[in-house]
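Take a look at the structure set out below.
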Amino acid sequence: MHHTTRELRLATALVEAADTLADDFEAPEHLRRVADQCVDLLAARAAGIMLVDGDRSVSLAGSSRQQEVALDLLRTQHGGGPCVESYGSGLPVPPVSIRVAHAHARWPDFTAAALGHDIASTFAVPMRRGGTLFGALNVFAPTLPDDSPSGSDSEVLLAQVLADAAALGLHNRHQYTRYRTLSGQLQQALASRVRIEQAKGMLAERWGTAADRAFLALRQYARRRQLPLDEVARAVIAGLADDAELRREARETP
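Residue numbering for the sequence shown follows the numbering used here, starting at 597 and increasing by one per position.
Rendered as structure tokens:
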């Protein structure tokens, strides 16, 4: 089966866009590479990504090629623009002539800036995974939109596939981070429980008393001094806890 160079480049781009589980993953650099792939595949002048967190905070990433242009065009969309419109609707914004949009007062701040950067046309696609929207990918082209339906549709479709792959990568990264955090918390809780059991056993053996009574003494000691129980257990294991005070707690515990 014959594959064109562009198809192979797209396959590589999709793999890179979804590959987010490396330990050294950094979202800004990852999104910049996605924008770079978009510029390369679509022969665009620049591309940018607007990422919106759940708390509505926004982060921006621009392609290496014309990065300042991409970032400036994203920033000027505070009053409206293709990226904001695509994110708001969850749908692609088809290719549009910047001059036509400016003449019709559509996104005035954005189109004025785009004209200043010699951008002829633009379009945007949402970055989505299922029902979750992560942001939008904006493409800035040096030529007018292709008037043929097949031409403009294929560019938007290609950008959408790349944006979906990037959204899948971000979704996987969020899940990966969540589960790693949960796993770490569970491991800490288990280690803490083991230390408490060890300290309880040491005190019970040392005092010749029941393990439950030793635990009550540990807990009461920690409460009176407003210390975490695990911290007291560590001190007992290390031989740093005040044994006389602990014994007193044991005697005073009903």
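Virtual Cβ for every residue (Gly too), placed ideally from N, Cα, C.
C-beta atoms of residue i and residue j nearer than 8 angstroms
i           : j           : result
residue 641 : residue 715 : yes
residue 720 : residue 694 : no
residue 661 : residue 635 : yes
residue 659 : residue 632 : yes
residue 751 : residue 691 : yes
residue 766 : residue 672 : no
residue 682 : residue 732 : yes
residue 722 : residue 675 : no
Residue i versus residue j: straight-line alpha-carbon distance, rounded
i           : j           : result
residue 644 : residue 756 : 13 angstroms
residue 739 : residue 702 : 19 angstroms
residue 626 : residue 697 : 31 angstroms
residue 841 : residue 832 : 12 angstroms
residue 794 : residue 781 : 20 angstroms
residue 597 : residue 790 : With a pLDDT of 45 at residue 597, under the threshold of 50, the predicted position of this residue should be treated as unreliable, though the coordinate-derived value follows. So the alpha carbons of these two residues sit roughly 59 angstroms apart.
residue 848 : residue 808 : 14 angstroms
residue 706 : residue 677 : 6 angstroms
Residues bridged to residue i [DSSP beta-bridge criterion]
i           : result
residue 876 : Because the chain in this structure spans residues 597 to 850, residue 876 falls outside the shown range and cannot be described.
residue 647 : 655, 731
residue 736 : 642, 718
residue 752 : BP columns for residue 752 are empty, so no partner.
residue 693 : 717
Residue span of the beta strand (DSSP E) that contains residue i, given as start and end
i           : result
residue 660 : First-last for residue 660: undefined, no H or E at that position.
residue 704 : From DSSP, residue 704 is part of no beta strand (DSSP E) but of the alpha helix (DSSP H) over 704-712.
Terminal residues of the alpha helix (DSSP H) in which residue i lies
i           : result
residue 678 : 678-685
Touching by the beta-carbon criterion (3+ pairs, under 8 angstroms), the region 599-611 and the region 723-738:
In short, these stretches do not touch, since the Cβ pair count stays below three.
With contact counted as at least three CB pairs below 8 angstroms, one residue from each stretch, are the region 771-785 and the region 806-823 in contact?
Contact fails: fewer than three Cβ-Cβ distances are below 8 angstroms.
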